[in-house]
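Worksheet: one structure, shown below.
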Amino acid sequence: MTARDPLAEYNRKRDFKKTAEPAGKRASSKSGNLFIVQKHEATRLHWDFRLEADGVLKSWAVTKGPSPDPEIKRLAVRTEDHPMSYAEFEGSIPEGEYGGGTVMLWDKGTWEPVEGKSWKDIDKGHLHFTLHGERMKGEWILIRLKPRGNEKRENWLLRKIDDAYAEEGDPLVEHALTSVLTGRSMAEIAADAGGKHSLKGKKGAAFAAEMAKAARHNAKKARPGRKASNGKPPKFRKPQLATLVDSVPSGNRWMHEIKFDGYRALIAAAGDEVTVWTRSGKDWTEKFQPLADAVAALDLPPCLIDGEIVAYGKDGNPDFSSLQAVLKRGHGSQGEKDNLSFHAFDLLEANGEDLTRLPNIERKERLEALLATAAPPIHVADHVLGAGEKLYNAMCAAGQEGIISKAIDAPYRGSRSKSWVKVKCTRRQEFVIIGWKKSSAKGRPFASLLLAQHEGDGLVYKGNVGTGFSAETMEDLAARFARIERKTPPADVDKASARGVTWVTPRLVAEIAFSEFTAEGNVRHGSFLGLRGDKDAEAVTPETPEAVVRDEVEVKVSSRDRVIFPESGQTKGELADYYAAIAPLMLPWAAQRPISLVRCPQGRGKKCFFQKHDSGSFGPHVRHVPIVEKDGGTEDYLYVEDAAGLVACVQMGTIEFHGWGSRSWDVEKPDRMIFDLDPDEGLDFEDVKSAAKDIHARLADIGLASYAMLSGGKGVHVVVPLTPGHSWDAHKDFSKRFAEALSMAEPDRFVANMSKAKRKGKIFIDYLRNQRGSTAVLPYSARAREGAPVALPIAWGELKDFENAHPYSISDAKTLMTRAKGKGLAGWGFAEQSLPEI
């Protein structure tokens, strides 16, 4: 690299008659501050990080790829400057040429040094900058390491700064395997110079050859929920409403969220098309345009998200009055950045799939996966399990409105129900304004407002409110009243209260805080909080707290002291308690899916058997779905919907739960693929872990996200979630060809034949679980094995830390609940992806 020609080294290393890479000339992009990252499979896999400066792309080769975790520092080796024309290069560099291999445009965007810094700081050995990419965002820093001896290369470290875009672990390289330019995987780029890559019709050696053209190193999986998809934003649906109760429900059957002090909103999105609906179905996109723009920037697939829009007060807490002020003045009217946020808490539709019948907890998991890359002002509302009273006390101490508690196993209903309940710290309700009283005070347009609520066939007077008004609010209300005055009262009001009142048409809805209702039914110590433009006056009715239902799982377990696991002494009661506690984690995989049960009525040491049909002996909490058999007949298969269903199965002697690869409402459309790695007795667990990581990489090469699960026995399951749409025949055929290709590529290591004689010293890739009617053990299911182990979802990064496939047992429910909330498992098992062309 010379000062006169910074691209001389780049040009010297390449024969442009052989490589498709562009020849280098100094130039500038339109923005002047471009950055790109190219995933490059050369001698070894790396990510080329490039920043535009001084008419070229300053470049570093980052081993293992950039990590958004501030605790992870990545080696970044300085390389020759590249020309601006390289910014959209994607393809294959011929073998034998410099950098020979596959190149993917992995990220792109703009960058700038942080305030007070310059790109020239590179010469000083450090660079602090902000990225605005499709994948890399926020503040980062590059620091040069001190040279050692006669080192010819510049070694730097790339590290993320802790900010709103920081994440734990390695989600960037693990969650992004397709090109931001063409949407192709490394396999597609390697296998095809211009057209679409296809595995169609390829088997055996041909299938293996296609995969061999792709990267064989640490390629990773697609960002869950981030696949762009054609389609329009979903239509409005009536939101679910919560019932007011007098106390917080207890137990792990409930998840608890903050009750935000704002406007309920449903956001329909598909790419850059976004609509913001109020809870009554009004299109308020324009009113909340900054939030709509933030959602559009996420480039989401078609989806319908439920949540709350809030603004923040001076104390940093959500404040309804502040939200009212933003709506009144309009965005940016005061030259300030409006502090609006959207807190998403439910997902009703995604990619054309109706999710409302799924359990609450699964919808929340899918929401977290969908918004995995979101940053303020878009948030996923946090929730806690089994600690609602603690959250409620914290919210009340902070002066907040209260909490919402949701039954983890309930579907979404577009009405008010007791599966969502709200517990308020203070009494707050909506009232219809029916009139106002004059004020004797100078400059005060009115003294108080008369309130009412709909009861039965009409409005019922509920007293007055005379505090909580700012001068600006009073002027605004007075102007509104002038337009809707009427001569007669819209509700029956006693003579004393009606004296001196100017009546108004009952259109305006006010939110009022108050201490209690009097014996006459009027509000006491009321305070005006603001108007509710998102709510219709006709829908305003009284809210009376109901007693909360405190039943835990509603299933009686007999013989609780019967020992089920003789070696470790765990009992039937302990097993039932485990499933009741772990239900929030297990239901996303177990609910609404045909299941087969491993029943051991006398304990695991006695006779155990599989059961998939039921004549009705399991009781009402275990459901049935009719499925056509091969002979044309129909049999009722088992499935569960909730925690009660899991415990009801335990009551009948069940230890293990195994599930189909499809849902009970559409059994012919598989939605997950399982590769069960079963080692021969002569192999140890290190061999299995190595095999799982390699299969994960091979799947990533052909564009498929995958997740790891310790089986609870001696193997590892590689789980591939799929968007339903293909047949069981295609599902099985693809998994078979994939497994056979691996066994053909490494015959001394893998075998795809279940014959015991052929498995000696090898790992059997069991793909047979991917055929119609076959099942695989479900995440968090107990196993009928010594010590009561459980099947455990894990992050790929932690696989190396496990010494066997059964590290936890049914005695570890609390630990499992805690670890499941870690960022490493966020979005585990979810990805919007389809089977490659077959």
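Numbering of the sequence shown is given in the numbering used here, commencing with residue 15 and proceeding in unit increments. For every residue, glycine included, the Cβ atom is placed at its ideal position computed from N, Cα and C.
Handout entry: C-alpha gap between residue 239 and residue 502, whole angstroms
Key = In this prediction, residue 239 has a pLDDT of 37, which is less than 50 and means its spatial position is unreliable; nothing more can be read from the coordinates.
Handout entry: Beta-carbon proximity list for residue 207, same chain, < 6 Å, skipping 5 on both sides
Key = Low local confidence applies: a pLDDT of 49 at residue 207 is under 50, so the model's placement there is unreliable, with the coordinate-based value given in what follows. If we look at residue 207 and ignore the five residues flanking it on each side, it has no Cβ neighbours.
Exercise for the section: Quick one: using the 10 Å Cβ neighbour count with 16 as the cut-off for buried, is residue 668 buried or exposed? Expected result: Buried.
Practice task
Report all residues from its chain with a CB closer than 6 Å to the CB of residue 2; omit the five preceding and five following residues, and keep chain order.
Solution key: Any property of residue 2 remains undetermined from this structure, which presents the chain solely from 15 to 852.
Practice task
Use the C-beta contact count for residue 714: other C-beta atoms within 10 angstroms, 16 or more gives buried, fewer gives exposed.
Solution key: That one is buried.
Exercise for the section: Would you give the residue range spanned by the beta strand (DSSP E) that residue 268 belongs to? Expected result: From DSSP, the beta strand (DSSP E) with residue 268 extends over 268–272.
Handout entry: Proximity of residue 543 and residue 600 at Cβ, strictly below 8 Å
Key = In this structure, residue 543 sits away from residue 600, with a CB-CB distance that is not shorter than 8 Å.
Handout entry: residue 76 (DSSP reduced to helix, strand or coil)
Key = Three-state result, residue 76: strand.
Practice task
Confirm, please, whether the CB-CB distance from residue 699 to residue 809 is below 8 Å.
Solution key: When the beta-carbon positions are compared, residue 809 and residue 699 stay at least 8 Å from each other.
Exercise for the section: Evaluate the contact criterion for the region 349–369 versus the region 311–325: three or more CB pairs, one atom per stretch, below 8 Å. Expected result: By the Cβ rule, the region 349–369 counts as touching the region 311–325, because three or more pairs are nearer than 8 Å.
Problem - Simplified DSSP assignment, three categories, for residue 716 - result: In this structure, residue 716 counts as coil in the three-state DSSP scheme.
Problem - Cutoff 8 Å: residue 839 Cβ touching any chain C Cβ - result: Looking for chain C here will not work: only one protein chain is present.
Handout entry: Alpha-carbon spacing of residue 293 relative to residue 523, whole angstroms
Key = Each residue's CA atom was taken as its position, placing residue 293 and residue 523 some 14 Å apart.
Exercise for the section: Return helix, strand or coil for residue 265, following the three-state DSSP convention. Expected result: Here residue 265 sits in coil by DSSP.
Problem - 8 Å Cβ shell around residue 829 - same chain, five flanking residues per side excluded - result: Excluding residues within five positions, the ones whose Cβ falls inside 8 Å are 822.
Exercise for the section: Kindly indicate which residue of 283, 610, 375 has the alpha-carbon position closest to the one of residue 835. Expected result: Answer by Cα proximity: 375.
Handout entry: C-beta atoms of residue 251 and residue 318 nearer than 8 Å
Key = Against a cut-off of 8 Å, the Cβ pair of residue 318 and residue 251 comes out as a contact.
Problem - C-beta contact flag for residue 452 and residue 514 at 8 Å - result: In contact: residue 452 and residue 514 (Cβ atoms closer than 8 Å).
Problem - Closest residue to residue 618 among 578, 491, 611 (Cα-Cα distance) - result: With respect to the C-alpha of residue 618, the residue from 578, 491, 611 having the closest C-alpha is 578.
Practice task
Could you pull out every unbroken alpha helix (DSSP H) segment of at least 4 residues lying fully inside the region 147–196, listed in chain order?
Solution key: Segments of the alpha helix (DSSP H) lying fully in the region 147–196: 185–188.
Handout entry: Assigned secondary structure, residue 374 (DSSP; H/G/I helix, E/B strand, else coil)
Key = Correct three-state label for residue 374: helix.
Exercise for the section: Whole angstroms is fine: what's the gap from residue 287's alpha carbon to residue 365's? Expected result: So the alpha carbons of these two residues sit roughly 14 Å apart.
Exercise for the section: Would you give the residue range spanned by the alpha helix (DSSP H) that residue 336 belongs to? Expected result: Element bounds for residue 336: 334–343.
Problem - Alpha carbon of residue 687 to alpha carbon of residue 133, nearest angstrom - result: Annotation: residue 687 to residue 133 spans about 47 Å, alpha carbon to alpha carbon.
Problem - Rounded C-alpha distance that separates residue 637 from residue 658 - result: One C-alpha to the other measures close to 11 Å.
Exercise for the section: Output yes or no for whether 8 Å exceeds the beta carbon distance between residue 80 and residue 181. Expected result: Judged by beta-carbon spacing, residue 181 lies beyond the 8 Å limit of residue 80, meaning their Cβ atoms are not closer than that value.
Handout entry: DSSP state of residue 731 mapped onto helix, strand, coil
Key = Residue state, collapsed to three classes: strand.
Problem - Span separating the alpha-carbon of residue 842 from that of residue 315 - result: So the alpha carbons of these two residues sit roughly 19 Å apart.
Practice task
Might you give, ordered along the chain, the residues of its own chain that have their beta carbon closer than 7 Å to the beta carbon of residue 838, omitting 5 neighbours on each side?
Solution key: The answer, listed in chain order, is 182, 183, 809, 811, 812.
Handout entry: Pair within 8 Å by beta-carbon distance, residue 717 and residue 168
Key = With respect to the 8 Å criterion, residue 717 and residue 168 are not classified as neighbours on the basis of their beta carbons.
Exercise for the section: Use the C-beta contact count for residue 382: other C-beta atoms within 10 angstroms, 16 or more gives buried, fewer gives exposed. Expected result: That one is buried.
Problem - Whether residue 74 touches residue 93 by CB criterion (8 Å) - result: Yes. Within cutoff.
Practice task
Determine, using beta carbons only, whether residue 48 and residue 90 come nearer to each other than 8 Å.
Solution key: At a Cβ-Cβ threshold of 8 Å, residue 48 and residue 90 do not count as neighbours.
Exercise for the section: Return the first residue and the last residue of the beta strand (DSSP E) that residue 680 is part of. Expected result: Counting along the chain, residue 680 sits inside the beta strand (DSSP E) bounded by residues 680–684.
Practice task
Could you check what DSSP says for residue 741 in three-state terms: helix, strand or coil?
Solution key: Residue 741 falls in the coil class under three-state DSSP.
Exercise for the section: Would you be able to state if there are at least three C-beta pairs under 8 Å between the region 405–424 and the region 270–277? Expected result: In short, these stretches touch, since the Cβ pair count reaches three.
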